[in-house]
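Residues in the sequence shown are numbered from 89 upward in steps of one, following this note's numbering.
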Amino acid sequence: MSRRFDLKFYASEGLHSIFTHGFMSFAAVCMIVACLLIMGSFTLVAVNMDHMLGQLEDENEFLAYVDETLPEEDVLALEGKLAALPNVSQVTFTTKEEARENYIESYELDEDFEVFESLPDEVFRDRYAIHVADIEQMGETVELVKQVPGVADTSAMLEVAEGFVVVRNVAGGVAMILVAILLLISLFIIANTIKLATFSRREEIAIMKMVGATNAFIRWPFVFEGLILGVAGAVVGFFLQWGIYQMITAAITRAEGTGLIRLISFGDMALPVIGIFLLTGFIIGVGGSLVAIRKFLQV
89 MSRRFDLKFY ASEGLHSIFT HGFMSFAAVC MIVACLLIMG SFTLVAVNMD
139 HMLGQLEDEN EFLAYVDETL PEEDVLALEG KLAALPNVSQ VTFTTKEEAR
189 ENYIESYELD EDFEVFESLP DEVFRDRYAI HVADIEQMGE TVELVKQVPG
239 VADTSAMLEV AEGFVVVRNV AGGVAMILVA ILLLISLFII ANTIKLATFS
289 RREEIAIMKM VGATNAFIRW PFVFEGLILG VAGAVVGFFL QWGIYQMITA
339 AITRAEGTGL IRLISFGDMA LPVIGIFLLT GFIIGVGGSL VAIRKFLQV
């Protein structure tokens, strides 16, 4: 029994098989949804951690103190020299008078406020706050700033910057490993779920083989069945993930002491999330079907 590729026929056979074996199809979709939710949740956690670390990196800066003997025009000219250095994204100048006022404001409720108020301007220096484009190169940038004529000293929390980089890299690596492991587990589970559904049709497959049906003719309806199940699971999983994410976001917003936790809006990630879910659902559904049907084609 040989037949040319007929998309409509194979799709209709796959869809018919889904409704004929409704319970097993429902179980397969549920497994796909569960796997996608687990993988999606881990991935969204990793994405938000990377986002929050990126925000902390953007707020990180170091200070370059200006030599007190430098003439005023040379002090102002330093801004252009510092901004031209590699890896410098922004330079902000603060006079010693402004630095003194900011320092006093920080301690205005302290019992020793009078001591800070009496501090002379000479205790403070004109300084430049320098933001870096790549926090991993912050150490090298600090060394370049120190070499600029007119810069007397620098103040940089390199340990904190290095800590941000380590946490970001570890979080990204762990997330990738977990997603890869969960994808393999998902394929195994779905393959066995579909295999159970296929087992009840082993006699039907054997009969088709004996009357001359090709492997492709038998396989394609199962491929379309897996494809439909995978896409259905991806769509259901996407909307469930959206709802769960919104509930968690609302709970964090209402909770006290979580001001530093700023989650990305799901709407900003919806397009890539649905794309990844559909692709993963396709791989799980089609891949699981191919693995499940292979054994029964060896008649």
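Note that the Cβ used here is the ideal one computed from N, Cα and C, for glycine as well.
- Contact between Val233 and Val239 holds: CB atoms are separated by about 6 Å, below the 8 Å threshold.
- DSSP lists Ile218 as the bridge partner or partners of Phe150.
- Under the three-state reduction of DSSP, Ser353 is assigned to coil, being neither helix nor strand.
- In this structure, DSSP gives Val324 a helical state, which the three-state scheme calls helix.
- Here Asp241 is bridged, per DSSP, to Tyr153.
- Within its own chain, the residues whose Cβ lies closer than 7 Å to the Cβ of Gly227, once the five positions on either side in sequence are excluded, are Leu246, listed in chain order.
- Below 8 Å, enough C-beta pairs join the stretch 320 to 335 and the stretch 110 to 124 to call them touching: three or more.
- One thing to note: Phe312 has its Cβ within 7 Å of the Cβ of Ala99.
- Looking at His104, Leu132, Ala339, the one whose alpha-carbon comes closest to that of Pro360 is Leu132.
- Judged by DSSP secondary structure, Val176 falls within the beta strand (DSSP E) whose first and last residues are 176 to 182.
- Counted as a single uninterrupted DSSP element, the alpha helix (DSSP H) harbouring Ala165 occupies residues 160 to 171.
- Judged by DSSP in its simplified three-state form, Gln329 adopts helix.
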